[in-house]
Amino acid sequence: MSKLDEKLDRRSFVKTAAMAVAGLSVASTVQARSFVPFEDEKHVSEYESNKVLIDTLKYVDVSEKADQNCLNCQFYVNPKDGKGKCQLIPKGLVLDAGHCISWAKKVS
Ligand code: SF4
29 MSKLDEKLDR RSFVKTAAMA VAGLSVASTV QARSFVPFED EKHVSEYESN KVLIDTLKYV
89 DVSEKADQNC LNCQFYVNPK DGKGKCQLIP KGLVLDAGHC ISWAKKVS
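In the numbering used here, the protein residues as written are 29 to 136.
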């Protein structure tokens, strides 16, 4: 492979990666806006279809990490009265004080 081919490959990789990141960002925004009001929704554990997912995420209602909880996680939206939506769990609500292995610091 010539140096020119390598440069083109690298360029196309960087371009593809940038497009993928942009796509994820748009998808995440669209998903966050598509949530309906949640006043009537139950806790995530009350939906049978969530069981495997919340087990996999190791979700707990009370975080054991002092500086990490759902309230300061980037996947948490629409907090109200101590609970809100996790963008990774399709049904139900998690608690402000909750936590899981996918926690990621909220970017403001
Ligand atoms: S991803 Fe974030 S908001 Fe969702 S359960 Fe985990 S810590 Fe909470």
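The beta carbon of each residue, even a glycine, is placed where N, CA and C say it ideally should be. For clarity, every value in this text was computed on a predicted model and none was experimentally measured.
- [ ] Can you tell me which of the three DSSP states N100 falls into?
- [x] helix
Open item on the list: So, for L123: in the same chain, excluding its five sequence neighbours on each side, which residues have a beta-carbon less than 7 Å away from its beta-carbon?
Closed with: D89, C98, G110, K111
Task: Spatially closest choice to A125 from C101, N78, L116, E76, by CA coordinates - done: C101
Open item on the list: Could you pull the DSSP bridge partners for L121 from this structure?
Closed with: H71
TODO: Taking K79 as part of the alpha helix (DSSP H), name the residues at either end of that continuous run.
DONE: Start and end: 79–85.
Open item on the list: For the ligand SF4, is there any heavy atom lying closer than 7 Å to the beta carbon of Y75?
Closed with: no
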